[in-house]
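Report on the following structure.
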Amino acid sequence: MTIDNGLLISCSCPDGVEIASNGGKALVHKSGDVYTALPLRLVLTHRRSYGRSHGHDETVYHGRTSALAEKPSFHPATITVNHWQLRDLVQPCSTNPNEIIYTHDDAIKCTDLSTDKISTVCTLDFHPRCFKEAHSKIVTGGVISSINSNSSSTSLMNRAFAEMGDGGTGEGASWRGLFSFYNRETQQSLGIRLGTYINNNASVNKVSNGTYTSYVCNNDKYLYSTHISNSAIAVDDSVNLEFPLNHSALSDDHKNLVVLGDCSKIFLLHPGQQDGVLRRDNIIDTHCDSGFSTSFSGSGQQFASCFQDGTCLIYDTRNVGAGPIKTVHSTRKNSSNGAFRCLKYSRGTDDLLVISEHVGRVHVIDSRDFSNHQVIVLPVNSIPQRSEIGSSASLVNLNGIQDCSENSIFTPKVLDFNEVVTIESNLAKNDDMNTPFNANYASRNMNNFNLLNAVGFEENSDVTLDVREHRGSTASSYSSMSGSEFDYFDNEISGLDWYEDSGGSHIVIGCCKGLIKWDVDSWSRRTFPSYAML
Numbered sequence: 074m075t076i077d078n079g080l081l082i083s084c085s086c087p088d089g090v091e092i093a094s095n096g097g098k099a100l101v102h103k104s105g106d107v108y109t110a111l112p113l114r115l116v117l118t119h120r121r122s123y124g125r126s127h128g129h130d131e132t133v134y135h136g137r138t139s140a141l142a143e144k145p146s147f148h149p150a151t152i153t154v155n156h157w158q159l160r161d162l163v164q165p166c167s168t169n170p171n172e173i174i175y176t177h178d179d180a181i182k183c184t185d186l187s188t189d190k191i192s193t194v195c196t197l198d199f200h201p202r203c204f205k206e207a208h209s210k211i212v213t214g215g216v217i218s219s220i221n222s223n224s225s226s227t228s229l230m231n232r233a234f235a236e237m238g239d240g241g242t243g244e245g246a247s248w249r250g251l252f253s254f255y256n257r258e259t260q261q262s263l264g265i266r267l268g269t270y271i272n273n274n275a276s277v278n279k280v281s282n283g284t285y286t287s288y289v290c291n292n293d294k295y296l297y298s299t300h301i302s303n304s305a306i307a308v309d310d311s312v313n314l315e316f317p318l319n320h321s322a323l324s325d326d327h328k329n330l331v332v333l334g335d336c337s338k339i340f341l342l343h344p345g346q347q348d349g350v351l352r353r354d355n356i357i358d359t360h361c362d363s364g365f366s367t368s369f370s371g372s373g374q375q376f377a378s379c380f381q382d383g384t385c386l387i388y389d390t391r392n393v394g395a396g397p398i399k400t401v402h403s404t405r406k407n408s409s410n411g412a413f414r415c416l417k418y419s420r421g422t423d424d425l426l427v428i429s430e431h432v433g434r435v436h437v438i439d440s441r442d443f444s445n446h447q448v449i450v451l452p453v454n455s456i457p458q459r460s461e462i463g464s465s466a467s468l469v470n471l472n473g474i475q476d477c478s479e480n481s482i483f484t485p486k487v488l489d490f491n492e493v494v495t496i497e498s499n500l501a502k503n504d505d506m507n508t509p510f511n512a513n514y515a516s517r518n519m520n521n522f523n524l525l526n527a528v529g530f531e532e533n534s535d536v537t538l539d540v541r542e543h544r545g546s547t548a549s550s551y552s553s554m555s556g557s558e559f560d561y562f563d564n565e566i567s568g569l570d571w572y573e574d575s576g577g578s579h580i581v582i583g584c585c586k587g588l589i590k591w592d593v594d595s596w597s598r599r600t601f602p603s604y605a606m607l
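Each position in the sequence shown, counted from 1, maps to that position plus 73 in the working numbering.
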């Protein structure tokens, strides 16, 4: 390998693949033929067979680089999603970023990533649908319902809620929304009824010592601005945006507030710095489905909003009227599995954006120029039982899964976005891929079992059974299996976020089996401006 001034000049790779620089681009060659040109500084190449179509092997060569560590780490957590669409439920603690906070039934819990110790942060009188933490203060939102479980008697619980305040609005008699504030330093709790229906999102923002504001999104179409002191929660203002509200984000300078909900519009508001009054600034009609998450970049020059139809729109805050500067699509657009649920910008100098699909996939995007877009693919949660598939038991190892009781069941893989789209397009066209494990999935709703099986990663080549090539020995087993005997499902994602500590920057993803942490190679991001993600 030859490197000059930090740029890769040339290197030799397996299978005769050579990488050479050409005007700042890496060209991937084989046998004198140019296959592709990639705007990368360091390239890792892998040969992948996507399976067979019409009797011919389809082999494609790919180049990729990484700003993430080679392997993630896995940590215990049982995260409860109390509303199936609300999945912004994982966050690092502001005072100790190695503590990851999440919802669990009627409590907020945390896992210390350095020890894997799980502890309870606070217990609530309701099942929170959302929460946010900052400066050791936690706000949560929910609704009065029959599953509020902190009492054995629903009638007793309803009487307790009836005695709660309403922030001085006088509307409490008709309100079923719940909002709480918890101070971890003093262990003080405050709570009010807020809004007619469920509170889908709440923020917490420091105004001064002992004083905070929170913007709360309710299904009753109102955005509520609350003032929180050591002794009380008061409602400063509310604005009717004419559709049920799902999420809001406040810029770091507290001057801009973006609000999304069950319509195609993005609302831009300006919170009053002194009086807390919410002033409308702009309305963007996107023609997308319902919006579920929005975030500002660390510089404040961008904000991104994602929608249930699998569309993410990124805007320059200095010129919103010009339209989005980038549109990002889900790998399974217009499907339930591919619905975008949560997005977060990184902080510091990494300039990355992560977006979660409803099930099994997380997008990692370079927000400097958007040229690099990759997808973390989580493996399936369960697989055919060894006792049920006899000689085909090596299928257990298809996706790096050695034993369901071990951490090896978590073997997330990272692919280029276009690679995922191409693989699934090929799978959809393959007439001979009619085995039970993919028969129930439409091409636009592809699952990770099929995707990871098709990729055929090299590290599992010794133990992987190619279903297409071994159809003769296993077809009878498959055809005789019932749905319950071939039971598996993809990892649903409950939230994701970034955090920084002395070891650098990290992505943390919450899913059915716990927390997955991936380290970001921040040094490479600083050294190589166009360094891609893995």
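C-beta: ideal position from N, C-alpha, C; glycine also.
Check	Outcome
Check Leu416 in the structure and name its three-state DSSP category.	strand
Can you tell me whether DSSP reads Glu315 as helix, strand or coil?	coil
DSSP three-state call for Leu330: helix, strand or coil?	strand
When DSSP labels each residue in this structure, what does Thr188 get in the three-state scheme?	coil
Can the beta-carbon of Cys415 be found closer than 9 Å to that of Ile398?	no
Considering only residues of the same chain and omitting the five flanking positions on each side of Leu186, which have a CB-CB separation below 7 Å?	His148, Asn171, Ile173 and Lys590
Please classify Ser258 as buried or exposed, where buried requires at least 16 other C-beta atoms within 10 Å of its C-beta.	In the sequence under discussion, the amino acid at residue 258 is Glu, which differs from the Ser named in the question. It counts as exposed.
Are Leu426 and Ser372 close, meaning C-beta to C-beta below 9 Å?	no
Can you say whether Ala305 is buried or exposed, counting buried as having 16 or more other CB atoms within 10 angstroms of its CB?	exposed
State the Cα-Cα distance for the pair Val212 and Gln261, rounded to the nearest angstrom.	12 Å
Can you tell me whether DSSP reads Glu244 as helix, strand or coil?	coil
Using DSSP's beta-bridge definition, name the partner residues of Arg249.	Answer by DSSP bridge pairing: none, since Arg249 is not bridged.
Around the C-beta of Ser567, are 16 or more other C-beta atoms found within 10 angstroms, so that it is buried, or is it exposed?	buried
Counting along the chain, where does the alpha helix (DSSP H) carrying Thr367 start and finish?	Note, Thr367: premise wrong, no alpha helix (DSSP H); beta strand (DSSP E) at Gly364 to Phe369.
What are the start and end residues of the alpha helix (DSSP H) that includes Asn608?	As displayed, the chain neither begins before 74 nor continues past 607, which places residue 608 out of reach and without an answer.
Please determine, among Lys205, Ile582, Lys502 and Ile356, the residue with the shortest C-alpha to C-alpha distance to Gly394.	Ile356
Can you tell me whether His360 is buried or exposed, with buried defined as 16 or more other CB within 10 angstroms of its CB?	exposed
Count the other CB atoms within 10 Å of the CB of Ser228; is the residue buried (16 or more) or exposed (fewer)?	Its pLDDT being 46, under 50, Ser228 is placed unreliably in this model, and the coordinates cannot settle the point.
Quick check: what's the CA-CA separation for Cys584 versus Asn274?	20 Å
Under 6 Å Cβ to Cβ from Asn303, same chain only, skipping five residues before and after it: list those, please.	Gly283
If you follow the alpha helix (DSSP H) that Leu500 is in, where does it begin and where does it stop?	Phe490 to Lys502
Pro317 to Gly238, Cα distance in whole Å?	23 Å
Could you pull the start and end residues of the beta strand (DSSP E) that Asn407 belongs to?	That residue, Asn407, is in no beta strand (DSSP E); it is neither H nor E in DSSP.
Pull up the CB-CB distance for Val432 and Asp325, whole angstroms please, since I reckon it's below 8 Å.	Actually they are not in contact, since the Cβ atoms of Val432 and Asp325 sit about 31 Å apart, beyond 8 Å.
For a quick check, are the C-beta atoms of Phe376 and Ala412 less than 9 Å apart?	no
Using alpha carbons as the reference points, say which of Lys294, Thr299 and Asn292 lies closest to Arg285.	Checking the sequence, you will find Tyr at residue 285 rather than Arg. When only C-alpha atoms are compared, the closest one is Thr299.
Would you mind sorting Ser575 into buried or exposed? The rule is 16 or more other CB atoms within 10 Å of its CB.	exposed
Could you work out which residue in Gly421, Thr367 and Ile265 is closest to Tyr572 when comparing CA atoms only?	Gly421
Go ahead and label Glu430 buried or exposed: buried means 16 or more other beta carbons lie within 10 angstroms of its beta carbon, across all protein chains shown.	buried
Bridge partners of Cys290, per DSSP?	Asn274 and Leu296
Any idea if Gln392 is buried or exposed, counting beta-carbon neighbours within 10 angstroms, 16 or more meaning buried?	A small fix is needed here, since residue 392 is Asn in this sequence, not Gln. Flag for Asn392 reads exposed.
So, at 6 Å on beta carbons, what are the nonlocal neighbours of Gly255 in its own chain, with the 5 sequence-adjacent residues on each side left out?	Here residue 255 turns out to be Tyr, not Gly, going by the sequence shown. Contacts found: Cys195, Ile211 and Ser262.
Compare the C-alpha of Thr188 against each of Phe199, Ser146, Ala207 and Gln164 and name the closest.	Ser146
So the beta strand (DSSP E) Lys338 belongs to, where does it begin and stop?	Lys338 to Pro344
What's the gap between the Cα of Ile438 and the Cα of Ser419?	10 Å
Along the chain, where does the beta strand (DSSP E) that runs through Ala377 open and close?	Gln375 to Phe380
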